[in-house]
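Quick note: the sequence shown uses full-length UniProt numbering, first residue 1, plus one each step.
No residue lacks a Cβ here, since even glycine has one placed at the ideal position from N, Cα and C.
Notes to accompany the following structure.
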Amino acid sequence: VYEGLDIITNKVSAQEQRLCQHHMISFVDPLVTNYTVIYLPEIKFLLSWEEPIIISNLCSGKFSSMLREDGHVLHKRLSQVDPEMAAKLHPHDKRKVARSLQVFEETGISHSEFLHRQHAEEGGGPLGGPLKFPNPCILWLHAEQTVLDERLDKRVDNMLAAGLLDELRDFHKRYNEKKEFHEYLITEGKCTPEMRNQLLKKGIEALKQVTKRYARKQNRWVKNRFLSRPGTGVPPVYGLEVSDVSKWEESVLEPALEIVRSFIQGHKPAATPVKMPSNETENKRSYHMCELCDRIIIGDREWAAHKKSKSHLHQLKKRRKLDSDAVTSVESQSVSPDHDKELKEKGSLGQNDKELKVSM
């Protein structure tokens with residue numbers, strides 16, 4: 001969607017666009033982060049054609065005037081206007097906390113109440129409201145992590161060969177962004193060739209790492225957004241294994257065509273949608289405070305994992321040792337020589353009192 005930055009965003013090529021008409025390409029300034037409102041009119045226009053629409057490269061947009069504020073300040077503000085939602089969100093999760101505040105400020109309704117109303121709508125479910133557009137179908141291309149990592153490294157190398165650095169130089173002059181190559185770009189003509197080469201290698205490695213982290217984040221997003229959500233308000237997701245590209249026709253293309261063909265004709269595809277095991281879908285977003293570690297944990301699954309973590313077990317061991325030392329200290333005081341002497345003196349005084357009473 002971003003204007004320019006064709007290489008770094010791996011944008012569809014002009015040749016590919018000639019083979020299949022694309023929409024919403026190169027229409028957003030690179031510094032614009034909230035463009036969902038631009039999407040919807042365009043999508044509604046395309047729906048009027050009554051033709052199937054294929055959407056590629058799903059990702060969640062960012063917003064962020066409030067994200068510059070301290071997370072604990074935002075969370076405290078949220079707890080005042082929406083305590084139910086605040087109890088489900090960690091103060092460090094600034095994006096979600098800010099989003100909940102944004103809902104309240106724009107609608108006058110707390111985010112939790114807003115969600116309750118959505119869930120109660122026809123077609124809604126325990127984790128979401130009805131779908132905005134009817135009858136969606138998702139094809140999820142996934143691969144083994146090691147295979148994906150190798151491809152992403154090669155993708156960065158291909159970007160460099162295609163002129164990535166020139167594209168970044170131009171972008172850096174206009175926006176001063178893309179931090180992985182920031183040091184390399186600002187030192188042009190100001191340091192030795194050897195140092196420049198080291199900074200370039202550092203930038204390339206950083207870009208490869210951030211690309212792989214983003215790929216992992218995308219997979220988690222698919223699992224959390226679609227696969228982990230029970231109910232009818234979730235579109236079917238059909239997994240296509242792309243680890244072995246030599247089997248592209250039989251493993252990817254043919255199954256995808258069959259799924260889309262059945263979908264268009266109104267039939268149920270022979271393929272089975274991807275589902276996560278039931279034990280993986282149950283994770284109540286409850287609030288837990290670990291006083292031992294002085295940490296807030298959100299989610300029953302996360303709480304169970306925290307209690308088994310090395311850091312928690314280490315703190316537990318320290319606490320038990322301190323308690324044991326305290327008990328030992330008390331016991332040692334009770335049998336100390338001074339304490340014995342004190343008891344003997346008390347016993348002697350008691351005996352003297354008895355003897356005095358007898359003599360009287």
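State the Cα-Cα distance for the pair Phe-133 and Tyr-214, rounded to the nearest angstrom.
Stepping through the sequence shown from its first residue, residue 133 is reached at position 133. Stepping through the sequence shown from its first residue, residue 214 is reached at position 214. About 27 Å.
DSSP beta-bridge partners of Met-289
As a first step, residue 289 is located in the sequence shown; it is residue number 289 there, counting from the start. Met-289 pairs with Ile-296.
Just mark Ser-26 as buried or exposed, buried being the case when its beta carbon has 16 or more other beta carbons within 10 Å.
For the purposes of this step, residue 26 is identified with residue 26 of the sequence shown, where counting begins at 1. By the 16-neighbour rule on beta-carbons within 10 angstroms, Ser-26 is exposed.
Got a sec, what are the start and stop residues for the beta strand (DSSP E) Tyr-238 sits in?
For the purposes of this step, residue 238 is taken as residue 238 along the sequence shown, with counting starting at 1. Note, Tyr-238: beta strand (DSSP E), 237-241.
Are Ile-264 and Tyr-238 closer than 8 Å when you measure CB to CB?
Within the sequence shown, numbered from 1, the residue matching residue 264 stands at position 264. Within the sequence shown, numbered from 1, the residue matching residue 238 stands at position 238. It is not a contact, given that the beta carbons lie outside the stated cut-off.
For the segment 71-80 against the segment 89-104, do three or more pairs of beta-carbon atoms, one drawn from each stretch, fall closer than 8 Å, so that the two count as touching?
As far as the Cβ criterion goes, the segment 71-80 touches the segment 89-104, which means the pair count is three or higher.
Is DSSP giving Leu-322 helix, strand or coil here?
Indexing the sequence shown from 1 puts residue 322 at position 322. Under the three-state reduction of DSSP, Leu-322 is assigned to helix.
DSSP three-state label for Ile-138, please.
Position 138 of the sequence shown, counted from the start, is the residue given in the question as residue 138. Ile-138: strand per DSSP, three-state reduction.
Sort Arg-169, Thr-146, Met-289, Arg-261 by Cα distance to Ile-7 and report the nearest one.
Stepping through the sequence shown from its first residue, residue 7 is reached at position 7. Taking only the C-alpha atoms, the option nearest Ile-7 is Arg-169.
is_contact[Ala-326, chain C] using C-beta, thresh 8 Å:
No chain C appears in this structure, which consists of one protein chain only.
Distance, Gln-209 Cα to Ser-311 Cα:
For the purposes of this step, residue 311 is identified with residue 311 of the sequence shown, where counting begins at 1. For the purposes of this step, residue 209 is identified with residue 209 of the sequence shown, where counting begins at 1. The alpha-carbon atoms of Ser-311 and Gln-209 are separated by roughly 26 Å.
Cβ atoms of Ser-110 and Asp-149: under 8 Å apart, would you say?
Counting from 1 along the sequence shown, the entry for residue 149 is found at position 149. Counting from 1 along the sequence shown, the entry for residue 110 is found at position 110. Contact check for Asp-149 against Ser-110 fails: the beta carbons are separated by 8 Å or more.
Gly-163, DSSP secondary structure in three states
The count along the sequence shown starts at 1 and reaches residue 163 at position 163. DSSP places Gly-163 outside both helix and strand once states are collapsed to three, so it counts as coil.
Lys-88 and Ile-298 - do their beta-carbons sit closer together than 8 Å?
Indexing the sequence shown from 1 puts residue 298 at position 298. Indexing the sequence shown from 1 puts residue 88 at position 88. Note that the C-beta distance between Ile-298 and Lys-88 is below 8 Å.
Looking at the secondary structure, which residues open and close the alpha helix (DSSP H) in which Gln-198 lies?
Start at 1 with the first residue of the sequence shown, and residue 198 comes out as number 198. Annotation: the continuous alpha helix (DSSP H) that includes Gln-198 extends over 193-222.
Own chain, CB closer than 6 Å to Val-242, minus 5 neighbours either side, in chain order
The residue given as residue 242 occupies position 242 in the sequence shown. Answer for Val-242: Leu-141, Ala-143, Val-252, listed in chain order.
Use the C-beta contact count for Ala-98: other C-beta atoms within 10 angstroms, 16 or more gives buried, fewer gives exposed.
Position 98 of the sequence shown holds residue 98. Burial of Ala-98 is indicated by the presence of at least 16 other C-beta atoms within 10 angstroms of its C-beta.
Which stretch, first to last residue, makes up the alpha helix (DSSP H) that contains Gln-118?
On the sequence shown, position 118 is the one that residue 118 refers to. Run containing Gln-118: 111-120, per the alpha helix (DSSP H) assignment.
Tell me whether residue 365 sits in a helix, a strand or coil according to DSSP, three-state version.
Given a span of 1 to 360 for the chain in the structure shown, any question on residue 365 remains unanswerable.
Can you tell me the Cα-Cα spacing of Asp-325 and Arg-319, whole angstroms?
The residue you call residue 325 lines up with position 325 of the sequence shown. The residue you call residue 319 lines up with position 319 of the sequence shown. Rounded to the nearest angstrom, the two C-alpha atoms are 10 Å apart.
Ignore the nearest five residues each way along the sequence and tell me which others in Met-276's own chain have a CB closer than 7 Å to its CB.
Taking the first residue of the sequence shown as 1, we reach residue 276 at position 276. Taken in chain order, the residues that qualify are Lys-223, Leu-227, Ser-228.
Chain-order list of residues whose beta-carbon lies under 7 Å from that of Ser-112 (same chain, five-residue window excluded):
Against the sequence shown, residue 112 aligns to sequence position 112. Setting aside the 5 residues that flank it on each side, Ser-112 is surrounded in the same chain by Asp-82, Glu-84, Met-85, each with a C-beta closer than 7 Å to its C-beta; the list follows chain order.
In whole angstroms, what separates the C-alpha of Ser-309 from that of Glu-180?
Taking the sequence shown and counting its residues from 1, the one referred to as residue 309 is at position 309. Taking the sequence shown and counting its residues from 1, the one referred to as residue 180 is at position 180. Between Ser-309 and Glu-180, the C-alpha separation is close to 32 Å.
Let me know the beta strand (DSSP E) ranges lying completely inside the segment 62-105, each 3 residues or longer, listed in chain order.
Counting whole runs of 3 or more residues, the segment 62-105 contains no beta strand (DSSP E) stretch at all.
Please state whether DSSP places Val-274 in a helix, a strand or coil.
One-based indexing of the sequence shown puts residue 274 at position 274. When DSSP states are grouped into helix, strand and coil, Val-274 belongs to the coil group.
So what's Ser-60 in DSSP terms, helix, strand or just coil?
In the sequence shown, the residue the question calls residue 60 occupies position 60. Confidence at Ser-60 is low in this model, with a pLDDT of 42, below 50, so the placement of that residue should be treated as unreliable; the coordinate-derived value is given next. It is coil, neither helix nor strand.
Quick one: using the 10 Å Cβ neighbour count with 16 as the cut-off for buried, is Ser-100 buried or exposed?
As a position in the sequence shown, residue 100 is number 100, starting the count at 1. Residue environment analysis places Ser-100 among the buried positions, since at least 16 neighbouring C-beta atoms fall within 10 angstroms of its C-beta.
Determine the contact status of His-288 and Trp-303, defining contact as a CB-CB distance below 8 Å.
Here the question's residue 288 lines up with position 288 in the sequence shown. Here the question's residue 303 lines up with position 303 in the sequence shown. A distance below 8 Å separates the beta carbons of His-288 and Trp-303.
For Val-28, does the three-state DSSP call read helix, strand or coil?
Position 28 of the sequence shown holds residue 28. Residue state for Val-28 is assigned as strand, using DSSP reduced to three classes.
Could you compute how far the alpha carbon of Ser-13 sits from the alpha carbon of Gln-21?
The residue given as residue 13 occupies position 13 in the sequence shown. The residue given as residue 21 occupies position 21 in the sequence shown. If I take the Cα positions, the gap works out to 11 Å.
Pro-236 classed as buried or exposed, judged by whether at least 16 other C-beta atoms fall within 10 angstroms:
As a working mapping, residue 236 is identified with position 236 in the sequence shown. Classification for Pro-236: buried.
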